[in-house]
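**Q** Quick note on this note's numbering: the sequence shown kicks off at 1 and runs consecutively.
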Amino acid sequence: MATHNRSDSAHASDDGSSGNSFDVLIIGAGISGINSAYRVQNNLPSATYAVLEGRANLGGTWDLFKYPGIRSDSDLYTFGFPFNPWYKDNPIATGDSIVQYMTATTKKFGIDKHLKFQHKVRSADWSTAEQRWVLDVETEAGSKTMYARFLILGTGYYNYDKPLDADIPGLENFQGKRIHPQFWPSDFDYSNKKIVVIGSGATAITLVPALAEKAAKVTMLQRSPSYILSLPQRKPGDPPSWSEWLLPRSILLKFRRWFFLVQPYLFYLFCRKYPEKASKFVIGGARKQLPKDMAIDPHFTPRYNVWDQRLCLCPNGDFFKAFKRGNTDVVTSTIKTVTADGIELANGDKLSADVIVTATGLNLQFCGQIALSVDKKPINIPQHFLWRNTMISSVPNLFTVIGYVNAPWTLGADSCARLVTRLIAHMDKKGYTSATPEISAEAAAQPTQALALKSTYIQRGLDHMPKTATVGPWKPRENYFKDNWTANWGKLEEGLVLTNAKSA
């Protein structure tokens with residue numbers, strides 16, 4: 001950081017809070033927060049920073065979710081950190097192995113020294129007079145105030161404490177075990193149980209094959225099916241691939257990353273340009289792996305185009321193989337009502353159950369339940385627009401980390417972190433103390449949806465999200481390759497009001 005700002009950011013002497021004032025505070029020690037921490041310490045080497053995590057562990061989603069079979073729904077070669085590539089041969093990884101990888105990364109780069117656990121940020125107020133953020137933070141020792149010139153929110157996109165309300169008639173009537181995957185009990189034994197999993201997204205598709213290994217019966221109950229694609233996964237004893245034979249390890253890891261960057265993006269473009277062919281391709285792959293007597297329509301024939309909702313992946317077709325076990329089934333119908341011992345369907349059938357799992361989606365939220373304000377005036381997030389999907393209009397020096405819905409999250413998180421650190425370096429060089437996105441009335445007159453998916457949980461959560469527009473730096477994300485260029489070389493001052501209040 002430039003020396004002319006060091007005295008502005010280190011207020012320990014005038015506020016009596018030595019150790020609580022930083023150049024940059026990062027909220028959240030998940031994949032976004034750790035990635036941001038690396039970019040801050042690497043690109044802004046003289047900056048003081050800390051990562052505040054409300055829970056007792058790092059890992060975010062991958063430490064929170066404990067349901068059977070929890071694994072990534074993206075390949076780790078691109079979901080992993082670009083500065084510390086995923087080194088294992090399996091592209092899809094378990095939740096535990098992802099947490100181990102994240103922990104090892106923080107130790108390797110010294111990020112662990114900047115982690116502050118059980119620091120839950122309750123509110124953050126921008127003080128124009130002081131040109132810094134003032135945070136109310138809850139810790140084990142009680143509340144404390146922390147300060148930062150810049151705030152990076154790596155808080156994810158869903159509520160950790162409250163899952164999406166399952167709109168299921170009569171669910172309160174059920175006398176068996178009800179579980180939401182977000183809060184799976186660690187000591188629950190589902191051996192020999194009859195389980196109904198309500199849902200058809202990535203969580204349900206992960207749960208079904210895992211539960212089928214011990215349960216007496218597993219039924220996936222879906223209102224409508226999802227597109228599901230099998231991804232090859234290395235197994236112990238498999239021979240090395242040609243790339244492993246030919247390429248040194250360091251080059252192999254880069255090759256894998258670029259391969260998984262380019263191939264899925266080209267497939268995405270194919271799906272959007274030729275939706276009928278893409279649909280036939282994905283459904284045809286499912287047909288080849290399912291039992292021959294299982295009906296493809298309606299159970300595996302979605303009524304939307306591929307990538308209107310997120311495409312689900314299953315390693316080595318484990319989801320499809322589960323239906324060959326004899327204890328796994330899928331039912332496509334709507335629920336009439338839940339009874340004491342099962343579920344009555346609209347078509348007149350009834351499913352008996354000992355356990356109902358409501359895998360119905362996440363409760364979308366923005367900014368991690370932090371009460372944000374500018375000079376004590378609350379920020380109503382849905383009324384604001386996103387500048388380069390990273391800053392909120394009319395809010396100074398605040399950065400939000402948003403990944404992709406049609407590609408691994410970390411790709412978007414990293415392009416965001418590189419853009420943020422480049423902007424901060426630019427501000428220090430020019431002597432600016434604040435950057436505030438300001439959208440014109442003309443641009444704001446054409447709002448668009450920030451997350452371009454039709455999934456139910458996303459549509460239900462849009463009222464909590466900021467908007468995007470159709471022009472300039474207010475457009476929604478398009479693709480990683482364009483965002484990567486913008487992060488490294490794009491215009492920094494377009495759409496921003498940059499000021500030096502200290503010298504005014």
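The beta-carbon is built from N, C-alpha and C at its ideal position, and this holds for glycine as well.
(1) Ordered along the chain, which non-local residues of its own chain (more than five positions away) have a Cβ less than 8 angstroms from that of Q365?
(2) Between P163 and V338, which are expected to be in contact by the criterion C-beta below 8 angstroms, what is the C-beta distance as a whole number of angstroms?
(3) Residues in the same chain with beta-carbon distance under 7 angstroms from S72, minus the five sequence neighbours each way, listed in chain order, please.
(4) Is E53 helix, strand or coil by DSSP?
(5) Which residue marks the beginning of the beta strand (DSSP E) containing M146, and which one marks its end?
(6) Please report the Cβ distance between F399 and P466, rounded to the nearest whole angstrom; I am assuming they are in contact, meaning their Cβ atoms lie under 8 angstroms.
(7) Give me the Cα-Cα distance between I370 and V137, rounded to the nearest whole angstrom.
(8) With which residues is M391 paired in a DSSP beta bridge?
(9) Report the rounded CA-to-CA distance for L207 versus R223, giving the unit in angstroms.
(10) Run through the DSSP bridge pairs and tell me what L496 is partnered with.
(11) For my contact list, G95 and F65 are in at a C-beta cut-off of 8 angstroms; report their separation, rounded to the angstrom.
(12) Is the closest heavy atom of the ligand ATP to the C-beta of D414 under 7 angstroms?
(13) Alpha carbon to alpha carbon, what distance is there between I402 and R477?
(14) Please list, in chain order, all residues of the same chain as M146 whose beta carbon is under 6 angstroms from its beta carbon, the five residues on each side excluded.
(15) Is the Cβ of F109 closer than 8 angstroms to any Cβ of chain B?
(16) Alpha carbon to alpha carbon, how far is T436 from V497?
(17) Could you compute how far the alpha carbon of T128 sits from the alpha carbon of V374?
(18) Could you tell me which uninterrupted alpha helix (DSSP H) segments, each at least 4 residues in length, are contained entirely in the stretch 18 to 67, listed from first to last along the chain?
(19) With three or more beta-carbon pairs closer than 8 angstroms as the criterion, would you say the stretch 349 to 363 touches the stretch 387 to 394?
(20) State the start and end residues of the unbroken beta strand (DSSP E) segment that holds M220.
(21) Could you spell out where the alpha helix (DSSP H) holding L253 opens and where it closes?
(22) For a test of the three-state rule: what should DSSP assign to E442, helix, strand or coil?
(23) R132: which of T433, K376, K107 sits nearest, CA to CA?
(24) Out of curiosity, what's the CA-to-CA distance linking L492 and W258?
(25) Among residues of its own chain, excluding the 5 on either side of R39, which ones have a beta-carbon nearer than 8 angstroms to its beta-carbon?
(26) With which residues is I198 paired in a DSSP beta bridge?
(27) Quick check on D73: does DSSP put it in helix, strand or coil?
(28) Given this structure, state the Cα-to-Cα distance separating K116 from G60, to the nearest angstrom.
(29) If you drop the 5 nearest sequence neighbours on each side, which residues of the same chain put their C-beta closer than 6 angstroms to that of P298?
(30) For T167, which residues of its own chain have a beta-carbon under 6 angstroms away from its beta-carbon, when the five flanking residues on both sides are left out?
(31) For T334, which residues from the same chain have a beta carbon less than 6 angstroms from its beta carbon, with the 5 sequence-adjacent residues on both sides left out?
(32) Alpha helix (DSSP H) containing F481: first to last residue?
(33) In or out: K217 buried (at least 16 other Cβ within 10 Å) or exposed?
(34) If you drop the 5 nearest sequence neighbours on each side, which residues of the same chain put their C-beta closer than 7 angstroms to that of M294?
(35) Any contact between the stretch 225 to 233 and the stretch 310 to 318? By contact I mean 3 or more CB pairs, one from each, below 8 angstroms.
(36) Whose CA, out of F255, F320, L351, F150, lies closest to the CA of V24?
**A** With the given structure in hand:
(1) Y157, Y158, N159, G461, H464
(2) P163 to V338, Cβ: 17 angstroms. No contact.
(3) F79, I92, A93, I98
(4) strand
(5) 142 to 153
(6) 13 angstroms between Cβ atoms; not a contact.
(7) Roughly 10 angstroms between the two C-alpha positions.
(8) W387
(9) Distance from the CA of L207 to the CA of R223, rounded to the nearest whole angstrom, comes to 17 angstroms.
(10) P437
(11) 6 angstroms
(12) Judged by which ligands are present, the structure shown has none, so any question about the ligand ATP falls away.
(13) 9 angstroms
(14) When the five nearest sequence neighbours on each side are left out, the beta carbons in the same chain lying within less than 6 angstroms of the beta carbon of M146 are those of N20, L135, V137, in order along the chain.
(15) Of the chains in the structure shown, none is chain B; there is only one protein chain.
(16) 5 angstroms
(17) Straight across, the Cα-Cα distance linking T128 with V374 is about 8 angstroms.
(18) 31 to 43, 61 to 64
(19) Contact fails: fewer than three Cβ-Cβ distances are below 8 angstroms.
(20) Under the DSSP assignment, M220 falls in the beta strand (DSSP E) whose first and last residues are 217 to 222.
(21) 249 to 273
(22) helix
(23) Minimum Cα distance to R132 is reached at T433.
(24) 27 angstroms
(25) D414, A417, R418, V420, T421
(26) Its beta-bridge partners are L221, T358.
(27) Looking at D73 - three-state DSSP - the assignment turns out to be coil, as it is neither helix nor strand.
(28) 14 angstroms
(29) T332
(30) A quick correction: the sequence has Asp, not Thr, at residue 167. Counting only Cβ-Cβ distances below 6 angstroms, and skipping sequence neighbours, we find nothing.
(31) These residues qualify, in order along the chain: R223, A346.
(32) 480 to 489
(33) buried
(34) F323
(35) yes
(36) F150
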